[in-house]
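Plus 678 on top of the position in the sequence shown (first one is 1) and you've got the working numbering.
Written below as structure tokens is the structure these notes are about.
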Amino acid sequence: ITLVGVIAAATGGASVADSFEPVVQKYLNISSFAAEIISLVCLAVPLSCLLIIFAELVPKVYALNNEERVCLALSPWVKRLFHIVSPIISVFEMIVKFILGLSGKSAQNNHMDFKTGLHELKAAVSLARTSKLINAQEEKIVLSAASLSSRYIKDIMIPLNDIFMIPESISFTEALVKAHCDMHTRFPVCTVENDHQTIKGYVTFKDIVNALKMNQKDPTIRGIIRLIKAFYSNETISSVLEKMIHEKHHIALIKSPESNLVIGMVTLEDIIEELVGDIEDEADRLPNNIYPYGDKWLMGGGVSMKKVTETMGISNADINLDINLAEWTEKKFGGQIGGGEVIDAEGINIVVRKIKRRKLSEAIVGRISE
């Protein structure tokens, strides 16, 4: 279009100077310069309208309404045109890149291309949802998937303090008890108890149960350890997801690229949750039952503190009523509970009975004796 415009301007300008300008100057009795300006305006306005209508709008609208016919008819010609003009375009591209390199803009190209592509994707997905081709949840999945290539795995990893480990020296029975309390399906195995840097693999709950049934000669879980994959914290989420799916890994360690020390862990479920939101199974839901227990009550960790205070008939402005019993207990204890703890705070006595995934599952609740 630019080339056609240049040619039209050159030929039109020459024609105006040769034929139309003398006529305007003669009949309007004006100077040569004024006649030239009027002649160019009289040529440019109609020519621009014709180019915009017949060279821009009509072909584009026709092509949009008949995309298959136009594509099939023009594809061979477009291919030939590409081979003809490709060398010229390559030279232009090299010149532009060289000039941008002198101005220091080339380093930002990849980042700008990504941001531009992301904005275009958001616009396309928003249009698809507006057109009811996809719903809001599907829109969220598409946009979340696009962002995985720009986010690092360290942003979603499980910190060391939240990793539950099983020592390799314990028996199958002890491992089963520990696994039952944590209610996960896969557990990292460490050589030295509570030392995250000695994690050498992992075991599954199913492996522990099967080993108990088969009565293996090795009484420890050392014989059923599976290898565990490790990634560095500066790898992108998308690359880690691709490798975990390809190599069929469900959990992996995250290491620092500087010190090569373990700084966290990631599961396949953690990455999927970045796409679809939090995924809760039956074990994630804390019980909310309340039963009389002598002069006390047996309460589940999911009971709200508002319900706790109403049941006990106490009133304390310091109690946060917006959280549940498990969250309140952990806050007052000052960390994660392990089972059997006794907490006295804000007029409430808590005796921990059961824990599930390191959260309070059931407790005996009563008033603090005065």
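Glycine included, every Cβ here is placed at the ideal spot set by N, Cα and C.
Distance between beta carbons of residue j and residue i, contact taken as under 8 Å
i: Thr898; j: Ser849; result: 6 Å
i: Glu817; j: Arg807; result: 5 Å
i: Val1043; j: Ile1015; result: 14 Å between Cβ atoms; not a contact.
i: Leu931; j: Ile877; result: 6 Å
i: Pro866; j: Ile906; result: 7 Å
i: Leu964; j: Thr1007; result: Actually they are not in contact, since the Cβ atoms of Leu964 and Thr1007 sit about 11 Å apart, beyond 8 Å.
i: Ala1023; j: Val1030; result: About 13 Å; that fails the 8 Å criterion.
i: Leu838; j: His874; result: 5 Å
i: Met983; j: Ile968; result: Their Cβ separation, rounded to whole angstroms, is 13 Å, which puts Met983 and Ile968 out of contact at 8 Å.
Any non-hydrogen atom of the ligand MG within 7 Å of residue i CB
i: Lys984; result: Absence of the ligand MG is noted for the structure shown, with no ligands found whatsoever.
Separation of residue j from residue i, as counted between CA atoms
i: Leu976; j: Thr989; result: 11 Å
i: Gly972; j: Arg864; result: 39 Å
i: Val981; j: Leu796; result: 43 Å
i: Ser847; j: Ile903; result: 11 Å
i: Leu1003; j: Gly978; result: 8 Å
i: Ile992; j: Asp840; result: 34 Å
i: Met772; j: Gly879; result: 52 Å
i: Lys738; j: Val756; result: 15 Å
i: Ile762; j: Ser768; result: 11 Å
i: Phe909; j: Ser822; result: 21 Å
i: Val1020; j: Ile836; result: 28 Å
i: Ser710; j: Phe770; result: 39 Å
i: Gly779; j: Ile766; result: 20 Å
i: Val774; j: Lys793; result: 21 Å
i: Ala785; j: Cys749; result: At Ala785 the pLDDT is 49, less than 50, meaning the model places this residue with poor confidence and gives no usable figure here.
i: Ile923; j: Glu871; result: 30 Å
i: Lys926; j: Val881; result: 15 Å
i: Ala995; j: Lys1032; result: 28 Å
i: Arg1045; j: Gly1013; result: 22 Å
i: Ser916; j: His928; result: 15 Å
i: Glu714; j: Leu706; result: 12 Å
i: Ser753; j: Asn743; result: 17 Å
i: Ile1028; j: Leu999; result: 16 Å
i: Lys800; j: Arg900; result: 50 Å
i: Lys921; j: Ser911; result: 14 Å
i: Phe1011; j: Glu936; result: 35 Å
i: Leu729; j: Ala741; result: 17 Å
i: Cys859; j: Pro845; result: 15 Å
i: Ser1047; j: Thr987; result: 16 Å
i: Lys1034; j: Phe842; result: 12 Å
i: Thr914; j: Glu745; result: 38 Å
Cross-strand partners of residue i (DSSP beta bridge)
i: Ala930; result: Lys907 and Val944
i: Asn1002; result: Ser982
i: Leu1038; result: Ile1033
i: Leu976; result: Tyr969 and Ile1042
i: Phe711; result: None; Phe711 has no bridge partner.
i: Asn1027; result: Asp1022 and Gly1044
i: Arg864; result: Thr882
i: Tyr705; result: Note: Tyr705 sits in no beta bridge, so no partner.
i: Pro845; result: Cys868
i: Pro837; result: Gly942
i: Thr914; result: Tyr830
i: Thr898; result: Ser849
i: Ile877; result: Cys868
Three or more C-beta pairs below 8 Å linking the stretch 809-827 and the stretch 942-955: Contact holds: three or more Cβ-Cβ distances are below 8 Å.
Cβ pair count under 8 Å reaching 3, the stretch 712-723 against the stretch 731-739: no
Three-pair Cβ contact test at 8 Å for the stretch 831-845 versus the stretch 934-949: Judged by Cβ distances under 8 Å, the stretch 831-845 makes contact with the stretch 934-949, as three or more pairs qualify.
Inter-stretch contact at 8 Å, needing at least 3 Cβ pairs: the stretch 872-891 / the stretch 852-859: yes
Whole alpha helix (DSSP H) elements within the stretch 727-812, 4-residue minimum: 736-743, 745-780 and 787-808
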